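These notes concern the structure reproduced below.
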């Protein structure tokens, strides 16, 4: 098995370039191999050593520190070291190389909200570069930065520079299509959906056989424009164009784009009163949303927290190391080696204990606040759910009355038919107003139970979707009658479902299922 030392020696020969300091080379290799904390430590050690570095070695040292701090999401400090790196560019590189080695700093300015500084760096490249595609990409980047800064007219201006550039349309259709799609997105932000549609259609036309993801997103955005223009049939027709995609294509497109498609289908069919199709896509929407695991987000959050903790330890270690040097030089005749080690050990123990208790106290405060917020949220949403459950009972009653009126119309004499039909029309208008609360229920039910469902699915993966929804309703302490109304089943069916649920949960005979679920959350 090759050791890390052997691996570094191997890469030094291929990665060194014009760098002369092997510690700088090692810091760069460690970063590219994914050892963020070790690379960061190496970079700080280089700076703390006060070694005289060449301009190029200085540039790469500051740059690698910026890269590592960016990976830890410490953007302000990453920008600080990135600026140190850029200040060394003037004495390290030629004019064209200066831009190539400084354009990456724009992303750091964006992350800390300094959009104008990012734009200025991008504009430098337009004057330096002679490659057409590079210039077009810089126009697109500048447009996107203006879009992020909510300067929409300036964003459109730079996107249109791409379209108006004197180039071979066929050769550069990809970047032109991207610009068209971005212009469409800006007009959507301005709520000018008709203009947005015009640009999005061009985007789709240019990318249909070139860029699968861009084409898919262009159709999604077209459908969204039709929806806001209240042309629901065109919205659905546009989405139907996505059905030709194969299941393997969705992996490239991404779950969130497909999720948006299902949502547009669900809402458009609901607006057309096609409840069955709306319900079908609502199920697809929620099933896909449930399948998008929160574990990745949780892992990334924990990973960054651990790396930040390591960064803190690295900085503290460096402080301790500097203290060690000062103590040795000032008192090396009076302090023996064992006493020094004991001091260092005690300091490290104190740092660990303080960090541990601070983290425990912070976690306790966060948990208490989350619990209080959950209690308030559940109380509010339970009230909403009860109101909508009552509304569902009203809807069923309305259907029975409507059927009875239809029978009366069939039996009525010709002179009474008109009055019966007018009466039935009024009833349908009243029903239409009450039906709007169903969409409120869907949204509130998801918000109320999202965290609970995630924990429930993790501990009891064998539960079905219906059983997880039943757990959510029981958590809200809805009665059997309310649950039956909400799910459009009989109370007896709800009781049987509860019995099946009890068998799948680790409950004793006398233990309350509601109490168990409250303890679980």
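In the numbering used here, the protein residues as written are 773 to 1293.
The C-beta atom is built at its ideal place from N, Cα and C for all residues, glycine as well.
Predicted, not measured: the structure shown is a model, and the values here were computed from it.
| Asked | Found |
| --- | --- |
| The region 1007-1021 in contact with the region 1050-1058 per 3-pair CB rule at 8 angstroms | no |
| Residue from 1042, 925, 838 and 935 whose Cα sits closest to the Cα of residue 947 | 935 |
| Limits of the alpha helix (DSSP H) - the one that residue 844 falls within | Per DSSP, residue 844 belongs to no alpha helix (DSSP H) and is neither H nor E. |
| Residue 1290, DSSP secondary structure in three states | helix |
| Where the alpha helix (DSSP H) containing residue 1055 begins and where it ends | 1047-1063 |
| Assigned secondary structure, residue 1039 (DSSP; H/G/I helix, E/B strand, else coil) | helix |
| Cα-Cα separation between residue 809 and residue 1133, rounded to whole angstroms | 26 angstroms |
| DSSP state of residue 1139 mapped onto helix, strand, coil | helix |
| Touch test, the region 882-889 against the region 898-912, Cβ-Cβ under 8 angstroms, three pairs minimum | no |
| Neighbourhood of residue 848 by C-beta, 7 angstroms cutoff - its chain only, sequence neighbours within 5 removed | 884 |
| Which of helix, strand or coil DSSP assigns to residue 1261 | coil |
| Residue 1026 classed as buried or exposed, judged by whether at least 16 other C-beta atoms fall within 10 angstroms | exposed |
| For residue 906, the first and last residue of its enclosing alpha helix (DSSP H) | 904-920 |
| Anticipated Cβ contact below 8 angstroms, residue 1224 with residue 1244, distance rounded | 6 angstroms |
| Backbone CA spacing between residue 854 and residue 838 [nearest angstrom] | 5 angstroms |
| Boundaries (first-last residue) of the alpha helix (DSSP H) holding residue 897 | 887-900 |
| Limits of the alpha helix (DSSP H) - the one that residue 941 falls within | Residue 941 -> no alpha helix (DSSP H), and no H or E assigned at all. |
| Distance CB(residue 1263)-CB(residue 1256) smaller than 8 angstroms | yes |
| Completely contained alpha helix (DSSP H) runs for the region 934-1004, where each covers 4 or more residues | 945-961, 965-979 and 984-1000 |
| Sequence-distant residues of the same chain with beta carbon closer than 7 angstroms to residue 913, five excluded per side | 894 |
| Any chain C beta carbon closer than 8 angstroms to residue 1130 | Annotation note: the requested chain C is absent from the structure, which comprises a single protein chain. |
| Span separating the alpha-carbon of residue 880 from that of residue 860 | 17 angstroms |
| N-terminal and C-terminal residue of the alpha helix (DSSP H) that residue 807 is part of | Unbroken run through residue 807: none, as it is neither H nor E. |
| With 16 other Cβ atoms within 10 Å as the buried cut-off, status of residue 1117 | exposed |
| Identity of the residue in 1002, 794, 842 and 843 nearest residue 828 by Cα | 794 |
| Residue 1235 beta carbon less than 8 angstroms from that of residue 1276 | yes |
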